[in-house]
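Read in order, the letters of the sequence shown are residues 5 to 370 in the numbering used here.
Cβ atoms here follow ideal geometry from the backbone N, Cα and C, with glycine treated the same way.
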Amino acid sequence: MQEAIILVGGKGTRLRPLTNHTPKPLLGVAGSSFIRHQIAKLSDAGVEHVVFATSYLAALFEQEFKDFSEDLEISYAVEEVPLGTGGAIRNAGRLLRGTSADAPVLILNGDILSGVDLRALLERHQARDADVSLHLTRVPDPRAFGLVPTDQAGRVLAFLEKPKTPEECVTDQINAGAYVFRRSVLDAIPADREVSVEQETFPRLVTAGRRVFGHTTDDYWRDLGTPLAFVHGSADLVTGAATSPLVAAPAQALIHPTATVDPTARVTGGSTVGPHAVIGPHALVDRSIVGARVSVAEGARIHESVVDHDSSIGAESCLREVVVGCHAHVGPHNELPAQLRLSCGIRIPAGGVRVSGTAVACPTVH
Ligand code: GTP
Numbered sequence: 005m006q007e008a009i010i011l012v013g014g015k016g017t018r019l020r021p022l023t024n025h026t027p028k029p030l031l032g033v034a035g036s037s038f039i040r041h042q043i044a045k046l047s048d049a050g051v052e053h054v055v056f057a058t059s060y061l062a063a064l065f066e067q068e069f070k071d072f073s074e075d076l077e078i079s080y081a082v083e084e085v086p087l088g089t090g091g092a093i094r095n096a097g098r099l100l101r102g103t104s105a106d107a108p109v110l111i112l113n114g115d116i117l118s119g120v121d122l123r124a125l126l127e128r129h130q131a132r133d134a135d136v137s138l139h140l141t142r143v144p145d146p147r148a149f150g151l152v153p154t155d156q157a158g159r160v161l162a163f164l165e166k167p168k169t170p171e172e173c174v175t176d177q178i179n180a181g182a183y184v185f186r187r188s189v190l191d192a193i194p195a196d197r198e199v200s201v202e203q204e205t206f207p208r209l210v211t212a213g214r215r216v217f218g219h220t221t222d223d224y225w226r227d228l229g230t231p232l233a234f235v236h237g238s239a240d241l242v243t244g245a246a247t248s249p250l251v252a253a254p255a256q257a258l259i260h261p262t263a264t265v266d267p268t269a270r271v272t273g274g275s276t277v278g279p280h281a282v283i284g285p286h287a288l289v290d291r292s293i294v295g296a297r298v299s300v301a302e303g304a305r306i307h308e309s310v311v312d313h314d315s316s317i318g319a320e321s322c323l324r325e326v327v328v329g330c331h332a333h334v335g336p337h338n339e340l341p342a343q344l345r346l347s348c349g350i351r352i353p354a355g356g357v358r359v360s361g362t363a364v365a366c367p368t369v370h
């Protein structure tokens, strides 16, 4: 039986306020929670049992999957206190069914959208008789990442900290967040404290001479941990730039059947519009995520942004790379610039925030 672990216990701080009430893997991308896309991918790769390593808002995972009836069994390893990525793997290992010390266990980070062929990763792991295999991806600018150089045969030479100088950029390969562990190696991770798999487990295995291999591919890859990456990942799934068994055919937009979009509005670039949302006349929603019951008034423009459920955007307002928490209200004629995050429930009055000049007269008496 092929088994897998998905790491889903993180707080997702970079995606706040979306993650205030919803763990990152349960946020909706391209019409389904992200973890459902991952489950579908695992199922396609022949996985029959998956353990969710949960911690933050753990109960919501069981709620999401209470009616799950596919051919894949789900177990929950809950950490009362987060154990770090390594500790989480070790803890989830307790719930694996297989008993063979050599069994390959597939492990996924819960926030990576990737086109990697998981069957190929497993096959390569077995063919190399590896202790651990890591999916590696190449990035154009490696300065923001820890680097993973390999030799000609793909054997990992080191796990290097983020490079500070051009000389330290010895490779463009980085850890892509999908691994295969030999079961006995997984069981040897310390169980009595927090452990980071990236900073502690992997470097120790390499230093100890264990068989740690990289599986480098040029498949689609994106870490959905930041707001912009999150909206781009969702849009890529809708347009077909990234694939998921849950997205049937590429499209310009994914509009829920219960949503209402005015015929003069445009929804483009792989945007999603959630249940009962209303998009008004001449509005534009481009490469964005509009949640359930959101209303977007006439002439509003939303670019590369997320508007969480039950919020409203006033007429002629413009949002660019903005995250709007749930139950928020942006009045008409606002202009919200990149990287702004609006807290859940906040209200911005008409013309309250602008980047460019405003023609509205000063209402105070001087
Ligand atoms: P940020 O707070 O925005 O950095 O996000 P995060 O909490 O998800 O952290 P990060 O992106 O580094 O985590 C990578 C993956 O590991 C995610 O899928 C997390 O859910 C998961 N993860 C991180 N720490 C833990 C932990 O202590 N326990 C468990 N079970 N999972 C974890």
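If contacts are defined as beta-carbon pairs under 8 Å, then residue i and residue j qualify, I think. What distance do you get, rounded to the angstrom?
| i | j | result |
| --- | --- | --- |
| S321 | V334 | 5 Å |
| C163 | P207 | First, the residue type needs correcting, since residue 163 is Phe and not Cys in the sequence shown. About 5 Å separates the two Cβ atoms, so the contact holds. |
| P146 | D191 | Rounded, the Cβ-Cβ distance is 33 Å, inconsistent with contact. |
| D240 | G273 | About 10 Å separates the two Cβ atoms, so there is no contact after all. |
| D115 | D227 | 6 Å |
| Y60 | G14 | 6 Å |
| I306 | F185 | About 42 Å; that fails the 8 Å criterion. |
| L76 | V54 | 6 Å |
| A107 | R20 | With a Cβ gap of about 38 Å, A107 and R20 do not count as contacting. |
| V235 | R324 | The Cβ separation is near 11 Å, so there is no contact. |
Within its chain, find whatever has a CB closer than 7 Å to the CB of residue i; leave out the 5 residues flanking it on each side and keep chain order.
| i | result |
| --- | --- |
| H331 | D314, S315, C348, G349 |
| L161 | P153, T154, D155 |
| V271 | A257, I259, V265, V277, I283, V289 |
| V143 | F149, D176, I178 |
Hey, out of the options, whose CA is closest to residue i's CA?
| i | options | result |
| --- | --- | --- |
| S248 | R351, A304, I39, N179 | I39 |
| R123 | P167, A182, G273 | A182 |
| V85 | R197, A301, R142, D71 | R197 |
| A131 | L30, G218, T262 | G218 |
| G32 | Y80, V294, P267, H370 | V294 |
| T58 | L11, G278, G158 | L11 |
| A263 | G35, T368, K70 | G35 |
| R101 | I78, I352, D48, V216 | I78 |
| G88 | A233, T205, P353, E325 | T205 |
| A8 | L19, Q343, V51 | V51 |
| L22 | V310, R324, P336 | V310 |
| G119 | F56, L46, R159 | L46 |
| H286 | H280, T268, R297 | T268 |
| T169 | A180, A157, L151, R159 | L151 |
| R297 | P261, D121, S360, F56 | P261 |
| A62 | T141, N24, V82 | V82 |
Taking the DSSP output, what are the residues bridged to residue i?
| i | result |
| --- | --- |
| R101 | Beta-bridge pairing links R101 to no other residue. |
| F56 | I10, Y80 |
| S316 | S299, H333 |
| E339 | C322 |
| L46 | Paired residue(s): none; L46 is not in a bridge. |
| L31 | L31 pairs with nothing; no bridge assigned. |
| L164 | L151 |
| R345 | V327 |
| V294 | V277, V311 |
| D40 | The sequence given here places Arg at residue 40; Asp does not occur at that position. According to DSSP, which records beta bridges pairwise, R40 is partnered with nothing at all. |
Which residue marks the beginning of the alpha helix (DSSP H) containing residue i, and which one marks its end?
| i | result |
| --- | --- |
| P207 | 206 to 211 |
| E66 | 63 to 68 |
| Q130 | 122 to 131 |
| Q2 | Given a span of 5 to 370 for the chain in the structure shown, any question on residue 2 remains unanswerable. |
| R20 | Counting along the chain, R20 falls outside any alpha helix (DSSP H), and DSSP gives it neither H nor E. |
Suppose the cutoff is 6 Å on Cβ atoms and the five residues either side in sequence are ignored; what does the same chain contact list for residue i look like?
| i | result |
| --- | --- |
| R345 | V327 |
| S299 | V282, S316 |
| G91 | E198, V199 |
| G229 | R18, D115 |
| R94 | I193, A195 |
| V359 | E339, P341 |
| L250 | S36, H41, A44 |
Over what stretch of residues does the beta strand (DSSP E) that includes residue i continue unbroken?
| i | result |
| --- | --- |
| Q177 | 177 to 186 |
| Q156 | Note, Q156: premise wrong, no beta strand (DSSP E); not H, not E. |
| G218 | 216 to 221 |
| H307 | 305 to 307 |
| D290 | 288 to 290 |
| D227 | 225 to 227 |
| S238 | S238 -> not in any beta strand (DSSP E); alpha helix (DSSP H) instead, spanning 231 to 243. |
| H139 | 136 to 142 |
| A263 | Per DSSP, A263 belongs to no beta strand (DSSP E) and is neither H nor E. |
| L117 | 116 to 118 |
| P108 | 108 to 113 |
| V271 | 270 to 272 |
| S275 | 275 to 277 |
Less than 8 Å between C-beta atoms, sequence neighbours within five positions excluded: which residues of the same chain meet that for residue i?
| i | result |
| --- | --- |
| A233 | R226, D227 |
| V189 | D135, V136, L209, R214 |
| P367 | none |
| D223 | S118, G119, V120, D121, T141 |
Shorter than 7 Å from the beta carbon of residue i to some beta carbon of chain C?
| i | result |
| --- | --- |
| T154 | Protein chains in the displayed structure number just one, and chain C is not present. |
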